[in-house]
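In UniProt numbering, the protein residues as written are 1 to 340.
Glycine residues also receive a C-beta, built at the ideal position from the N, C-alpha and C atoms.
Since this is a predicted model, take the numbers as computed values, not measurements.
Worksheet for the structure shown next.
Next comes the structure, spelled out in structure tokens:
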């Protein structure tokens, strides 16, 4: 089959590799669509990921498709089932899983390789994070289950209350998903650097949008809009250390700051200890998702209450994948559905 392999920093190659064969407990799907992700872009640019993969490796982690082969012992699924598979599953046995802190499981089973004609799903994911999708739901919308599950996990950890003022920093797909999922309960102020993406943010429910190229002093503007205090909740969705610091500076006393965007390895930030202590700030990193939020995400997408199709910039064949990443790097597209 044709598949994309990551060899290192901006070193992506399309190669013919053997078709996958399912072992006991596994299934193989024919990929209907694989959506690109900001995490994929960061991994491509950085040449690896501390948790998910080590090059050279099959690449891509958002996808949906149809089961074409079943391993021994798989009884709850049939060939032909339309499914979406999360890119991981917790072990359900360790210290953290016993406390239902599944995203902290040190034994997470990871799975990459959605940018290919076929994808093998490991047995733990088949057991815990393989979901059937409705016949009327498109492949590309179903493929967005994984990133939305991360966002819903992030929201659940952010202490958002009705009518809060929430600042979202970042107009990538993740930032826009935060806007979409929060807009029915909070006043959402979105910061980004791309006019088209900010327009999409408005369509997804942002109360106000701001371009940081034109208004670079984010904390001052946030305080002007909040009677001088700052936002109730700030969500950082860029993975840039300086923006982490801007997020903290934009928070009111008693606020929660969700440092959601993963920064490059071995980076650090400076925190004002006086502000942190006397303003009783809650700073938290939130990583990945859990089986609960994978299910919630698919249900929300399938409900069609939110036009997540606004995040899909188009469909492209697998041979265009490297060009698509170049376009993502130039911020010309948001998410692209790759069709093997």
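Contact between residue 82 and residue 66 holds, with the beta-carbon distance rounding to 6 Å and staying under 8 Å.
Note on geometry: alpha-carbon atoms of residue 144 and residue 1 lie some 24 Å from one another.
Just so you know, the alpha carbons of residue 75 and residue 142 end up roughly 23 Å apart. Taking C-alpha positions only, residue 209 is separated from residue 252 by approximately 19 Å. Unbroken alpha helix (DSSP H) stretches of 4 residues or longer found wholly inside the stretch 264-297: 273-278, given in chain order.
CA-to-CA, the gap between residue 316 and residue 328 works out to about 13 Å. From the listed residues 185, 152 and 222, the smallest Cα separation to residue 177 is found for 152.
For residue 208, the enclosing beta strand (DSSP E) begins and ends at 208-211.
When the alpha-carbon of residue 7 is set against those of 19, 37, 29 and 49, the nearest one is in 49. Per DSSP, residue 23 has no beta-bridge partner at all.
Approximately 7 Å separates the beta-carbon atoms of residue 115 and residue 3; this is inside 8 Å, confirming the contact. Spatial neighbours of residue 104 in its own chain (CB-CB distance under 7 Å, excluding positions within 5 residues in sequence) are listed in chain order as 96.
When rounded, the separation of the alpha-carbon atoms in residue 61 and residue 227 is 43 Å.
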